[in-house]
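Asks: One structure follows; several queries about it will come next.
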Amino acid sequence: MSASGPEQEAPTATAPVAPEMPPQPLLRTLAPLLRGLERPVRSWLDSRRKYPLSMMQRAELEGLADDLRRQAETLDVEKPLLVVMLMGGTGVGKSTLLNALAGGPIAQASFTRPTTRDPVVYFHHSVKSERLDPALRLCRLVQHDRAGLEQKVIVDTPDVDSNDLSNRDKLVALLPVADIVLYVGSQEKYHDRIVWDLFKQQRQRRAFAFVLNKWDRCLTGESGVRPDEDLLADLKAEGFQSPLLFRTTAQLWLDAAKSHPGSGPPPRPADLPEGEQFSLLRSWLELGLTKLEIEAVKARGVGQLLAQVVRVAEANRPPDLTAEADKVKTAWEATLADEADVQADVLVGTLEPYQTEVEHHFSVEDQQRFRGLMAAYLRVTTRLRYAGSGLRDRIPFAGLKGKLLGAKVDTPVEWNLGAFVQECARTAGERVLDQRTAALINRLLVDAESKGFALTLLSEPANAAGRLDWRDKVTRAVIDALAEVERQATNPTGFRRALRGTLTVAANTLPEIALVATVGTLLWNFFVPTPSITPDMFQMLLVVLIPLVVIVAVHLLILLLLPIRWPTIRAEFRRQLGDRMATELGRAYLAIPGEVAGAIREERKQVDGLVAETKEVENWLTERQQAAHVGELYGK
């Protein structure tokens, strides 16, 4: 079917007529498959994704989805139409070529202003206009009764290189409809940059045949290379091993048609230049493109579309960020640990002015284990020790002040430590979190970017975590940490537990034993040896002094061996609070990289599914394509 030979006057190749074969359900089977592929592409575009698409990527996918829909609608008919679209620059004779093919003037053609402005659609009268693609229905429609062109629609398009940019836009809008693009050039304009660039963009998506019109003007150039030879070399460089090239002089054939009075085909012009092949072009369009070739071109076009879907999907497939997410999590752990330490120091510093009150609270809680004389002694000494704390006047929180207005300053045992800690935590939380959260998020995002994780993927979830009401979490962390320190102080383990138990037993028994022993000794001395001797005042005071000395001695041992002082409380409270703040920050932020990577991994799987389904349809199509002479229409 080649028409590329440059030497012969006679046709350099014939346009074989393939034998008619019973139509196969190949194309109609493709229609639902293409609709099935359009759905995941549309879903990819319409769904909100973690991995965003750029404007150019969206435009490319939109074009593919439209092409899938258009192809499905085109194929889902009994006799699919083959759209042959003429494309070329100004003055190459596209309209004249169409007029010559039609056997009379139907398209606009002018020597003074050779510019095609409105697309012309030339189609058989048996084809209802509703069957045409919507883009074609808006063009100038011209019907004919040529039996050889019954399933073919020939479209004359605006000039690509026209100064009117709207002409180029019209062509670009029509190109997706084309099954075969008839690239029309002349000796002066067969390789213009604008037209050639558009050809290179479309060569992977469309079938192409080539016409070198105005063959009567084609001369060997200064380089010694004929225009057709030069064009063939360029096409081979673009992957067309045996390009289908027709050398035509459309104006001579059109003139002959105008002077032919009959209704049959016009006679062959007498003065045709050597190697002119317009009759071959007409024969190829009418007889060479049989049902077999039409289905083959349609199937091949679908195959190219599917290959393009695969390429675009693979190029835009979201990356697998699992490894990067692990690296980001490791980096964030260190950053959050540092932040937790800073916040813990600030929170502990908030309680620092109230260390006496905290000691008092712990002392009161610790005294619950004592009974008898030791308990009474501790109540008195504790009351005296903390009587002047002035807590009510030093607390700067209005809410807490109101709660303490009715409390007695000299009885701080009634102080509500939970409410106090809550107010401290809220105030510190406002001071710390409001100022540090934004800075923390920026540090986390910088860490993520350094590990290869795009900022755009983590900004939204990280900022969402930062907008959480952290005051409640901080309050709970402070109260829990203080409660844990209190639990450890009142319920120690190991050696301290044994020591504490021993001292508790001693404190609860020795004062009473000392009291009983002292009273017993005095009574013995009074009644047994010398009953007449009356105890003096000093001896009577021993009943109080000796138990008191024992109580004080045991108390000193308790204070020495099991002290409840702010430095001890502070160290453990700081450690507990730091751990809890690190846990809370980690719970809020550390899962973000993994969750985002997981969501993107699912999106990647969906794209992989689209690629797999597309390749499955592509392989199925390749296996079932009928053998036809259309290989020359496609580049490698």
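Each residue of the sequence shown is one higher than the one before, counting from 1 in UniProt numbering.
Ideal placement from N, C-alpha and C gives every residue a C-beta, glycine not left out.
Between V77, Q202 and P461, which lies nearest to A597 when the distance is taken from Cα to Cα?
Replies: P461
Asks: Answer with buried or exposed for V225, where buried requires no fewer than 16 other C-beta atoms within 10 angstroms of its C-beta.
Replies: exposed
Asks: Using only the alpha-carbon positions, how far apart do S2 and A257 sit?
Replies: Caution applies to S2, whose pLDDT of 48 falls short of 50 and renders its modelled position unreliable; the value that the coordinates give is listed next. For S2 and A257, the distance between alpha carbons rounds to 26 angstroms.
Asks: Taking 8 angstroms as the threshold (C-beta atoms), are A344 and G520 in contact?
Replies: no
Asks: In whole angstroms, what separates the C-alpha of L457 from that of W196?
Replies: 40 angstroms
Asks: Tell me whether Y377 sits in a helix, a strand or coil according to DSSP, three-state version.
Replies: helix
Asks: Going by the beta-carbon positions, is the gap between L610 and L244 smaller than 8 angstroms?
Replies: Note that the C-beta distance between L610 and L244 is not below 8 angstroms.
Asks: Please return the same chain residues whose Cβ sits closer than 8 angstroms to the Cβ of L64, not counting the five positions on each side in sequence.
Replies: V41, L305, Q308, V309 and V312
Asks: In angstroms with no decimal places, state the Cα-to-Cα distance between R48 and L444.
Replies: 24 angstroms
Asks: Cα separation between S95 and I154?
Replies: Using only the alpha carbons, I get a separation of about 11 angstroms.
Asks: Nearest-angstrom Cα distance between R300 and L68?
Replies: 14 angstroms
Asks: Whose CA, out of D156, L378 and F453, lies closest to the CA of E365?
Replies: When each option's Cα is compared against that of E365, the closest is L378.
Asks: Would you mind stating whether A31 and D76 have Cβ atoms separated by less than 8 angstroms?
Replies: yes
Asks: For L141, does the three-state DSSP call read helix, strand or coil?
Replies: strand
Asks: Three or more C-beta pairs closer than 8 angstroms, one from the segment 191–206 and one from the segment 150–169: is that the case here?
Replies: In short, these stretches touch, since the Cβ pair count reaches three.
Asks: Measure the C-alpha to C-alpha separation of F573 and F527 and round it to an integer number of angstroms.
Replies: Rounded to the nearest angstrom, the two C-alpha atoms are 58 angstroms apart.
Asks: Classify S186: buried if its beta carbon has 16 or more other beta carbons within 10 angstroms, exposed otherwise.
Replies: buried
Asks: Hey, how far is the Cα of V17 from the Cα of V211?
Replies: Caution applies to V17, whose pLDDT of 43 falls short of 50 and renders its modelled position unreliable; the model cannot decide the point.
Asks: Express the C-alpha separation of L61 and F246 in angstroms, rounding to a whole number.
Replies: 35 angstroms
Asks: Residue range of the beta strand (DSSP E) that R168 falls in?
Replies: First-last for R168: L165 to L174, but that is the alpha helix (DSSP H), not the beta strand (DSSP E).
Asks: Let's see if you can read the secondary structure: which residues bound the beta strand (DSSP E) around I180?
Replies: I180 to G185
Asks: Buried or exposed for G452, please, with buried defined as at least 16 other CB atoms from any protein chain shown within 10 angstroms of its CB.
Replies: Counting the other CB atoms within 10 Å of its CB gives G452 a total below 16, which places it among the exposed residues.
Asks: According to DSSP, is Y190 part of a helix, a strand, or is it coil?
Replies: Here Y190 carries a coil assignment [DSSP, helix/strand/coil].
Asks: Counting along the chain, where does the beta strand (DSSP E) carrying T88 start and finish?
Replies: First, the amino acid is wrong: residue 88 is Gly here, not Thr. For G88, the enclosing beta strand (DSSP E) begins and ends at L82 to G88.
Asks: Taking Cβ positions, are Q606 and N316 nearer each other than 8 angstroms?
Replies: no
Asks: By the DSSP assignment, the alpha helix (DSSP H) with F538 in it spans what residues?
Replies: For F538, the enclosing alpha helix (DSSP H) covers residues M537 to L561.
Asks: Taking only runs of the alpha helix (DSSP H) that begin and end inside the segment 566–597, which ones reach a length of at least 4 residues, in chain order?
Replies: 566–589
Asks: Using the three-state DSSP reduction, which class does A209 fall into: helix, strand or coil?
Replies: strand
Asks: Threshold first: 4 residues or longer. Then list the alpha helix (DSSP H) segments lying entirely within the segment 268–297, N to C.
Replies: For secondary structure counted as the alpha helix (DSSP H) over 4 or more consecutive residues, the segment 268–297 holds these complete runs in sequence order: 278–283.
Asks: From the DSSP output, in three-state form, read off D341 for me.
Replies: DSSP places D341 in helix when its eight states are reduced to three.
Asks: Going by beta carbon distance, what residues of the same chain come within less than 8 angstroms of A438, once the five residues before and after it are set aside?
Replies: G466
Asks: DSSP three-state call for V409: helix, strand or coil?
Replies: Note that V409 has pLDDT 32, beneath the 50 cutoff, so the model's placement of it is unreliable and no number is given.
Asks: Check each candidate in I569, L522 and V184 and name the one with the smallest Cα separation from R487.
Replies: I569
Asks: Going by DSSP in three states, I600 sits in which element: helix, strand or coil?
Replies: Helix at I600.
Asks: Quick check on the burial criterion: 16 or more other C-beta atoms within 10 angstroms. Buried or exposed for L27?
Replies: buried
Asks: Taking all protein chains shown into account, do 16 or more other C-beta atoms lie within 10 angstroms of the C-beta of K128, making it buried, or fewer, making it exposed?
Replies: exposed
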